[in-house]
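Using our numbering, you'd call the opening residue of the sequence shown number 418 and step up by one each time.
As structure tokens, the structure follows; a few thoughts come after it.
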Amino acid sequence: MQKGIIGKKIGMTQIFDENGKVVPVTVVEAGPCPVVQKKTAEKDGYTAVQLGYGDQKVTRVTKPLKGHFAKSDVAPKKVLKEFRFADCDAYELGAIVKADVFSAGDKVDVIGTSKGKGTAGAIKRWNFSRLKETHGTGPVARHAGSLGACSDPSRVFKGKKLAGHLGAERVTVQNLDIVKVDAENNLIAVRGAIPGPKGGIVVIADSKKKA
């Protein structure tokens, strides 16, 4: 990973490219993210850079975290994320990472937390087909149906697709294009949709599978 940043999903809109075609984009308020901590191979066993995002009230920060932020002379932040950059030595404590680390045309992976849907049935959660609604099927058209075999093995196998909690989990969307970067306002426009609701925290990083 060469570069990365923490941001907040603002919402979706559309912009026009030089050929007049409509490009659907998601706008992310990316940074500014100060470097709060540097992990080293000698002390921690690996190298990484910890970035912070979003100002936090001092009264809502615990004493250990106050000391953590004081070491790098950074105001308390709401979100802390680690990035294993290829060259962590290039980052100094207290340095600010801004949206201009990326530029239009970059391929990125976006990590976020998907919208929580609560308890969902098998159709919504796993795209099951409905049962027929004729000839006395009854009020079970959206039920899951048969779950397994009969007397052998006399149980439902683990991992069976059933109704249950849907969403509110970590989701990564890979190989998205950065369409536009507004460094002055800390905004990045990413082609397409990204996980999470408006206001959700996202991480933008170099694409791992780019050509």
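For each residue, glycine too, the CB sits at the ideal point set by N, CA and C.
Bear in mind the structure is a predicted one, so any value in this text is a computation, not a measurement.
What number of angstroms, rounded off, separates the C-alpha of Gly522 from the C-alpha of Val598? Rounded to whole angstroms, the gap between the alpha carbons of Gly522 and Val598 is 10 Å.
Nearest neighbour of Lys495, chosen from Cys450, Arg542 and Phe574 [CA to CA]: Cys450
Please state the DSSP three-state secondary structure of Leu583. strand
Taking the C-alpha atoms as reference points, what is the distance between Val475 and Lys488? 15 Å
Here's the rule: buried if 16 or more other CB atoms are within 10 angstroms of the residue's CB, otherwise exposed. What is Asp461? exposed
Jot down the residue ranges of each uninterrupted alpha helix (DSSP H) in the segment 507–568, minimum 4 residues, whole runs only, in chain order. List check, alpha helix (DSSP H) in window: 539–543.
How is Val491 classed by DSSP in three states: helix, strand or coil? Correct three-state label for Val491: coil.
Outcome for Gln419 when other beta-carbon atoms lying within 10 angstroms are tallied against a minimum of 16: exposed
If you measure between the beta carbons of Val445 and Val527, is that distance less than 9 Å? For the pair Val445 and Val527, the CB atoms are nearer than the 9 Å cut-off.
Once DSSP output is grouped into helix, strand and coil, what is the label at Arg608? Three-state DSSP puts Arg608 in a strand.
What's the C-alpha gap between Ala465 and Lys480? One C-alpha to the other measures close to 24 Å.
Classify Ala492 as buried or exposed, calling it buried when 16 or more other Cβ atoms lie within 10 Å of its own Cβ. Flag for Ala492 reads exposed.
Does DSSP put Thr464 in a helix, a strand or coil? coil
Is Pro612 near the ligand GTP, judged by its Cβ being under 8 Å from some heavy atom? With respect to the ligand GTP, the structure shown offers nothing to examine, as it has no ligands at all.
Is the segment 594–614 in contact with the segment 435–444, if contact means three or more CB pairs nearer than 8 Å? yes
Across which residues does DSSP place Thr497 in a beta bridge pair? Contrary to the premise, residue 497 reads as Leu rather than Thr in this sequence. Leu497 pairs with Gly469.
Based on the DSSP output, what are the partners of Gln454 in its beta bridges? Gln467
Is Lys425 buried or exposed, if buried means 16 or more other CB atoms sit within 10 Å of its CB? buried
Span separating the alpha-carbon of Phe500 from that of Arg547: 44 Å
What residue range is occupied by the uninterrupted beta strand (DSSP E) comprising Glu446? Val439 to Ala447
Buried versus exposed, by CB contacts within 10 Å (16 or more), Gly421: Around the beta carbon of Gly421, 16 or more other beta carbons sit within 10 angstroms, so the residue counts as buried.
By Cβ distance below 8 Å, which residues in the same chain neighbour Gly428 in space, the five residues on each side in sequence not counted? Thr443, Val444 and Lys615
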